[in-house]
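Chemist:
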Amino acid sequence: LTIETANVNLDDDYAARNPDVAPGPHAMISLSDSGTGIAPEVLERVFEPFFTTKPQGHGTGLGLSMAYGFAKQSGGHIRIYSEVGQGTTVKLYLPRTVAAGLGSPEPQLAPTGAPPRGSETILVVEDDSDVAEFTTAALESLGYRVLQVSDGPSALRSLQKISHLDLLLTDVVLPSGMNGREVAGKVREVFPHTKVLFISGYAESIVVHQGRLETGVNFLPKPFAKDALARKVRASLDAPVATQMDVQQPDRSG
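If you want it as structure tokens, here you go:
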């Protein structure tokens, strides 16, 4: 079990895509495991009171519904990312505040200046349509040329339409039998100098522990704001290829 905390700033763009979220500084608490994961049809119901997959008499099914209620009562929200056989990450976001008499809250570290722009070609590989559309729109508004696909095979087919690719921005976990690292390896076979930026709702420590990524990769956790996306993309594009992670195919033996 991995527990992580962070101060995050949820911007207006994120709040617009998530009506239950108020923009502003939040404390994020993330709990991740590398267990059996949650099936999609179960994931849709995990916040329902008394819903449980345990046998009768072995649990009330109130744990996540109580956590959801606590988050809502506190003005926050919960997001869950899970894949069968790989594990689960639960992220709790709570608005930051200061108790009476303790003075002003510590200043939120906000980026200075306008988000960096560019004109490079970026391939976005993301199966969550909301995340994909937001990411594509944000990058296009910053001047980039963007191709958007939902899985690995589609990503490889899209390479036939372009003469070069500056950045591959891909989710770590993808459908259709190829994960993000495998997609990156295949893309590098066609365009060896392409930079790579991975995104995931899972904690970075979990995807590294599972061997899906190497340590020190270009990684951006979901959810992310437009400004964070802009700065991470620019940093990834400006980094030498030599400092990019090894995206060779993972060893499938054993």
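If you read the sequence shown in the numbering used here, its first letter stands for residue 298, the second for the next number, and so on. Ideal placement from N, C-alpha and C gives every residue a C-beta, glycine not left out. Bear in mind the structure is a predicted one, so any value in this text is a computation, not a measurement.
1) Hey, how far is the Cα of arginine 414 from the Cα of proline 346?
2) Report the residue from Glu338, Arg342, Lys388 and Gly334 whose alpha carbon sits nearest the alpha carbon of asparagine 304.
3) Use the C-beta contact count for isoleucine 375: other C-beta atoms within 10 angstroms, 16 or more gives buried, fewer gives exposed.
4) Considering only C-alpha positions, which residue in the set Gly321, Arg531 and Ala536 is nearest to threonine 394?
5) Work out the CA separation of leucine 420 and valine 446 for me, nearest whole Å.
6) Got a sec, what are the start and stop residues for the alpha helix (DSSP H) serine 455 sits in?
7) Around the Cβ of proline 337, are there at least 16 other Cβ atoms within 10 angstroms (buried) or fewer (exposed)?
8) Check whether the segment 456–475 touches the segment 416–433, taking contact to mean three or more Cβ pairs, one atom from each stretch, closer than 8 Å.
9) For valine 484, is the classification buried or exposed, using 16 other Cβ atoms within 10 angstroms of its Cβ as the cut-off for buried?
10) What did DSSP end up calling alanine 582 once you bin it into helix, strand or coil?
11) Do aspartate 309 and proline 412 have their C-beta atoms within less than 7 Å of each other?
12) I need the DSSP call for glycine 384, collapsed to helix, strand or coil.
13) Would glycine 449 and serine 426 be called neighbours here (beta carbons separated by less than 7 Å)?
14) How about aspartate 463 and glutamate 423: are their beta carbons less than 7 Å apart?
15) Output the boundary residues of the alpha helix (DSSP H) element that contains aspartate 535.
Modeler: With the given structure in hand:
1) 46 Å
2) In terms of CA proximity to asparagine 304, Lys388 leads the group Glu338, Arg342, Lys388 and Gly334.
3) buried
4) Taking only the C-alpha atoms, the option nearest threonine 394 is Gly321.
5) 8 Å
6) 449–455
7) exposed
8) Cβ pair count under 8 Å is three or more, so yes.
9) buried
10) The structure shown has nothing for residue 582, since the chain only spans 298 to 551.
11) no
12) DSSP places glycine 384 in strand when its eight states are reduced to three.
13) no
14) no
15) 523–535
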